[in-house]
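Residue numbers (my numbering): 1223 to 1981. Backbone N, C-alpha and C fix where the C-beta goes; we use that ideal spot for every residue, glycine too. Computed from a prediction, not measured in an experiment: that's the story for all the values here.
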Amino acid sequence: MELPFARTNITPVITNVVSLAKISPAQPAGNSVSKGAVITKEATKIIEDDVQKPFQDEWGKTLDTMEVAMVMKNLNQTLLDLYTLALPICDVQENHFIDEEGSTQTDAMKLLSSQSLRLLKNKALLCKPVTQTKATSCKPHTQHKECQTDISMPNEKNDAELDSPPAKKKRVGFFQTYDAEYLKVGFIIYPGSKESSPRPQCVICGEILSSENMKPANLSHHLKTKHSELENNPVDFFEQKSLEMECQNSALKKCLLVEKSLVKASYLIAFQIAASKNPFSIAEELIKPYLVEMCSEVLGSSAGDKMKTIALSNNTIGHRIDELSADIEDQLIQKVRESKWFALQIDESSEISNTTLLLCYIRFIDYGCSDIKEELLCCIEMPSQMTDFEVFEVINKYIDSKSLNWKHCVGLCTDGAASMTGRCSGLRAKIQEVAMNTVAFTHCFIHREHLAAEKLSPCLHEILLQSAQILSFIKSNALNSRMLTILCEEMGSEHVNLPLRAEVRWISRGRILTRLFQLRHEIEIFLNQKHSDLAKCFFDEEWVAKLAYLSDIFSLINELNLSLQGTMTTLFNLYNKIDVLKEKLKMWLKRTQENDYDMFPSFSEISNSSGLNMRSITSIIFEHLEGLSQMFNDCYPPEEDLRSGNLWIINPFINHQNSNLTDFEEEKLAQLSSDLGLQSAFKSMSVTQFWINAKASYPELHEKAMKFLLPFSTIYLCDATFSALTESKQRNLLVSGPVLRLAVTSLIPRIEKLVKEKE
1223 MELPFARTNI TPVITNVVSL AKISPAQPAG NSVSKGAVIT KEATKIIEDD
1273 VQKPFQDEWG KTLDTMEVAM VMKNLNQTLL DLYTLALPIC DVQENHFIDE
1323 EGSTQTDAMK LLSSQSLRLL KNKALLCKPV TQTKATSCKP HTQHKECQTD
1373 ISMPNEKNDA ELDSPPAKKK RVGFFQTYDA EYLKVGFIIY PGSKESSPRP
1423 QCVICGEILS SENMKPANLS HHLKTKHSEL ENNPVDFFEQ KSLEMECQNS
1473 ALKKCLLVEK SLVKASYLIA FQIAASKNPF SIAEELIKPY LVEMCSEVLG
1523 SSAGDKMKTI ALSNNTIGHR IDELSADIED QLIQKVRESK WFALQIDESS
1573 EISNTTLLLC YIRFIDYGCS DIKEELLCCI EMPSQMTDFE VFEVINKYID
1623 SKSLNWKHCV GLCTDGAASM TGRCSGLRAK IQEVAMNTVA FTHCFIHREH
1673 LAAEKLSPCL HEILLQSAQI LSFIKSNALN SRMLTILCEE MGSEHVNLPL
1723 RAEVRWISRG RILTRLFQLR HEIEIFLNQK HSDLAKCFFD EEWVAKLAYL
1773 SDIFSLINEL NLSLQGTMTT LFNLYNKIDV LKEKLKMWLK RTQENDYDMF
1823 PSFSEISNSS GLNMRSITSI IFEHLEGLSQ MFNDCYPPEE DLRSGNLWII
1873 NPFINHQNSN LTDFEEEKLA QLSSDLGLQS AFKSMSVTQF WINAKASYPE
1923 LHEKAMKFLL PFSTIYLCDA TFSALTESKQ RNLLVSGPVL RLAVTSLIPR
1973 IEKLVKEKE
């Protein structure tokens, strides 16, 4: 209640302060203040004395606490009005006052400064003291009548902003905790709600209310309006309903858990089917029946019944494989993006299902395991007749669709076909154009080795053809093959059959010629029994000696071929192996001139036979070795050796005089080579792992080293994949990209993630 005498004692304060400020009490509050108005120390003293004096009514009686509070409220309002009218100097940002001498008032004036400033609404800031008369001494304001200065206020808000109502305060959420008494009105805590904001759930209808409704009145209102007939039921009734709801929830969770495990099982089976390159029908025709029988026998009939519910139809397995393959592809693309740099190997084949299949493998840095990884990037079925430009368009479209950048491709390895390696119009030229000449192109080392090994003199080539005829005569007829096997067993031979001949894959030649030489006596007897003209070849000792040499030299070349194959090979490793063979050829030429044939064990065994013209055979061997050495030099020219100037990558802890490094990189290499910790780590890990781990400390050297370690040196992965497709009876299914990806990948699909997406 407002007191009638509440403002009695504050009138002198207003009068005194206004008079001291030299402003008429009746002066209206406007958008400007008279120049020269100054608040003095006397005004401050009056405010201090009058405000701090005990409040008394007109009869001199001291007011009680409530009355004092009301008086103080009115006093604050009056002082605020006074502040708006008479305050000459106000620092709005600091909320303090300045007297004549410029000192800050911190006592009585704090009472005024604690109030909200109405002056802000008038958009006018007061002037400095009268001693400063220049326009430049005015604080920024809209317009000052005395100095006629019109200066925009910094960070001034427009009229609409200032006149707009204040923004509403953000409501702070307040949540009540659950009370066991709420069960009397039929509510429990919803099991899925958060601990910080529990939500009530009705045990009758199962409705879940918001956290704000966790109040007795709201819960009772729900019971009265929706379940009025149960309002007077005892708490035992609601407890029973609560138990029933818990049982229902647990049963539902159990069913969902079983369903989740069944879906996961179908994914696991689909993955194994694709990885083992089996037809989809094997799941429903073989796996599921035996799975049901085994579980019924071992775990009981209920377990067998559960196995029957696993979805393993052809279509389901197909869908599961597609989803697994898509997940593997997503993981791969993510890892390639994280790696930044990558290299490709590309090959095409038309040997499977009369279709042209384009395979592209990718090599990238997997920082998760600190090593290099190789994965199938894409498998694309193409028309039988495609130009090099069309091949590029297919690959480029896939690269763009996965948001990969050709500028990050550091290597491309192909089989050397004209459509792949054409410098002007082939795939190489197209990729070089979009990659801005950042790609190192490599002709497959294995294919080059095959080309070098094909160099044979006419007489040796004739021996090779006759050997192929003998093999075909025996292996083309099942009866002949069995008879030779029986003959070899009766004679106690170490080997009882001949391997199949495969001209496409040269790896078999050395094996076939070696077996033919080892079984020469048994084959001679067999051919005589069959009255074949090929038997006379084994009567010619010079022919047998040439066969022995071919079996030896091709066996040695096959050893090189096998060493070039495999995964995770680098250009440095394979160049080293080629150099070893080059040096061996030089040594063999020298020994042949000295009639030393210990490097050829089969030929050395025959060379001691009487009646053998060693001079003519030696000249043939020398000529072949010389041509072979020249072919390897042509196929692996020294100027294309990428090791030149880059041997510091293989071992950065030895001194390399000629290195392709800048001055800054040489300084970093010197710093690295002096690091004892890295020297110890270098001995316990591979070269690629070492440089991947060196990224944090030496990023420049890491990047340069990885650009030489990432490129493929062979297309072994493509050849191995094509061989697997050719040998598989279900090759039509494997041509499909998703199945092939699962068959060759080393990544593990995220089955838990796929199952969760099914929920």
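| Check | Outcome |
| --- | --- |
| Measuring only the C-alpha atoms, how far is K1926 from N1882? | 10 Å |
| Given N1659, which residues of its chain have a CB within under 7 Å of its CB, disregarding the five upstream and five downstream residues? | none |
| Across the region 1585-1602 and the region 1914-1924, are there enough close Cβ pairs to call them in contact, namely three or more that are closer than 8 Å? | yes |
| Using the C-alpha atoms, what's the distance from T1577 back to F1739? | 39 Å |
| Could you please give me the residues that DSSP links to S1571 through a beta bridge? | L1579 |
| So does the region 1622-1641 actually touch the region 1553-1567, counting three or more Cβ pairs closer than 8 Å? | yes |
| CA-CA distance, I1621 and I1495? | 29 Å |
| Cα separation between C1600 and L1947? | 15 Å |
| With H, G and I counted as helix, E and B as strand and the rest as coil, what does DSSP make of W1281? | With a pLDDT of 44 at W1281, under the threshold of 50, the predicted position of this residue should be treated as unreliable, though the coordinate-derived value follows. Coil, per DSSP. |
| Rounded to a whole number of angstroms, what is the C-alpha to C-alpha distance between S1464 and I1410? | 7 Å |
| Considering just the uninterrupted stretch of the alpha helix (DSSP H) at Q1815, what are its terminal residues? | 1793-1815 |
| Less than 7 Å between C-beta atoms, sequence neighbours within five positions excluded: which residues of the same chain meet that for Y1858? | R1670, I1800 |
| If you draw a straight line from the C-alpha of Y1489 to the C-alpha of K1978, how long is it? | 12 Å |
| I need the straight-line Cα distance from S1547 to C1469, nearest angstrom please. | 40 Å |
| Considering only the beta carbon of each residue, do K1486 and I1973 sit closer than 8 Å? | yes |
| Keeping to the same chain, check which residues put their C-beta closer than 6 Å to that of S1246; ignore five residues upstream and five downstream. | Residue placement at S1246 is flagged as unreliable, the pLDDT there being 41, under the threshold of 50; the coordinate-derived value follows with that caveat. Hits under 6 Å: none found. |
| What are the boundary residues of the alpha helix (DSSP H) that includes D1885? | 1885-1895 |
| Is the number of C-beta pairs between the region 1917-1937 and the region 1607-1623 that are closer than 8 Å three or more? | no |
| DSSP three-state call for L1682: helix, strand or coil? | helix |
| When you compare only the Cα positions, how much space is there between I1696 and E1781? | 27 Å |
| Whose CA, out of T1884, F1875, E1887, lies closest to the CA of A1903? | F1875 |
| For I1871, which three-state DSSP category applies? | helix |
| In angstroms with no decimal places, state the Cα-to-Cα distance between Q1423 and L1405. | 10 Å |
| Which full runs of the alpha helix (DSSP H) of 4+ residues lie inside the region 1912-1948, going along the chain? | 1921-1931 |
| Going by DSSP in three states, V1661 sits in which element: helix, strand or coil? | coil |
| Under the rule that 16 or more other beta-carbon atoms within 10 Å means buried, what is I1430, buried or exposed? | exposed |
| If you follow the beta strand (DSSP E) that F1409 is in, where does it begin and where does it stop? | 1409-1411 |
| Looking at the structure shown, is F1586 part of a helix, part of a strand, or coil, going by DSSP? | strand |
| Could you tell me which of L1769, T1399, M1928, R1963 sits nearest to L1939, measuring between CA atoms? | R1963 |
| Just grab the DSSP bridge partners of G1633 for me. | A1565, A1662 |
| Taking I1872 as the reference, which of T1792, I1843, Y1400, I1685 has the closest Cα? | T1792 |
| Would you grab the beta carbon distance between L1811 and S1851 for me? Rounded to a whole angstrom, and I think it's under 8 Å. | 7 Å |
| Between which residues of its own chain and T1736 is the CB-CB distance below 6 Å, once the five residues before and five after are set aside? | S1773, S1777 |
| Can you tell me where the alpha helix (DSSP H) with L1778 in it begins and where it stops? | 1763-1786 |
| Let's see if you can read the secondary structure: which residues bound the beta strand (DSSP E) around C1600? | 1593-1604 |
| To the nearest angstrom, how far is the alpha carbon of L1693 from that of L1769? | 14 Å |
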